[in-house]
Amino acid sequence: MFRFLKGKVGPSCYCSPKFQNSFMKVVFSSTPMNGNNQKCDKNEIIELTQDAINKMKQVNLKYKNSKALKVSVEAGGCSGFQYSFSLMDKNNIKEKDLIVYDKECIVIIDKQAAEILRNSRIHYTNNLISKKFIIENIQNISSKCSCGNSFDVNFF
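Numbering (the UniProt record's numbering), first residue to last: 1 to 156.
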């Protein structure tokens, strides 16, 4: 398990330090990655478990380091919101996207999803039933479905 010291680790991207923990906490970049992306609030934080980082390392080996993990939240599911993950080409990052970056993976998240998922954790689970990315520890959750993908949050 590791963390990166605050400092430049990629084109205009910064990571937050926190050693002696089992997962990495990454701050949304405060400087746009390619000069076009919107600046991110330093208080918006999402954590990546080591399992999530390791899976993205595998993905990037397969796709020659060309993919980013896209996290979305949309209306739907049993409880009001549902999250989803997809792989996107790093060259297709849009100006409105916020970027979570470390040396081994890039996670793209839109502003609405960032607000809802602030202080949550991205984990990769690999068990007999499924192999997938999941969101854990969603703050201000008021209810969730037994499927684990659908939830509702209190905005106050």
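The beta-carbon is built from N, C-alpha and C at its ideal position, and this holds for glycine as well.
Determine the extent of the beta strand (DSSP E) in which residue i is found, giving its start and end residues.
{"i": "Asp-97", "result": "Note, Asp-97: premise wrong, no beta strand (DSSP E); not H, not E."}
{"i": "Leu-89", "result": "Per the sequence shown, the amino acid found at residue 89 is Asp instead of Leu. Counting along the chain, the beta strand (DSSP E) containing Asp-89 begins and ends at 80-89."}
{"i": "Ile-135", "result": "131-136"}
With which residues is residue i paired in a DSSP beta bridge?
{"i": "Arg-118", "result": "Arg-118 pairs with nothing; no bridge assigned."}
{"i": "Ala-75", "result": "Phe-81"}
{"i": "Lys-144", "result": "Phe-151"}
{"i": "Ile-108", "result": "Lys-70, Ile-99"}
{"i": "Asn-126", "result": "Lys-131"}
Does the Cβ-Cβ distance between residue i and residue j come in under 8 Å?
{"i": "Ser-79", "j": "Ser-130", "result": "no"}
{"i": "Val-59", "j": "Lys-67", "result": "yes"}
{"i": "Ser-150", "j": "Ile-135", "result": "no"}
{"i": "Lys-57", "j": "Tyr-124", "result": "no"}
{"i": "Ala-52", "j": "Ile-122", "result": "yes"}
{"i": "Asp-89", "j": "Asp-97", "result": "no"}
{"i": "Tyr-63", "j": "Ser-72", "result": "no"}
{"i": "Asn-140", "j": "Asn-154", "result": "yes"}
{"i": "Ile-46", "j": "Val-100", "result": "yes"}
Identify the continuous alpha helix (DSSP H) that holds residue i and give its terminal residues.
{"i": "Lys-53", "result": "Sequence check: residue 53 is Ile here, not Lys. First-last of the alpha helix (DSSP H) with Ile-53: 50-62."}
For residue i and residue j, which I take to be in contact (beta-carbon distance under 8 Å), what is that distance rounded to the nearest angstrom?
{"i": "Phe-81", "j": "Phe-133", "result": "The Cβ separation is near 16 Å, so there is no contact."}
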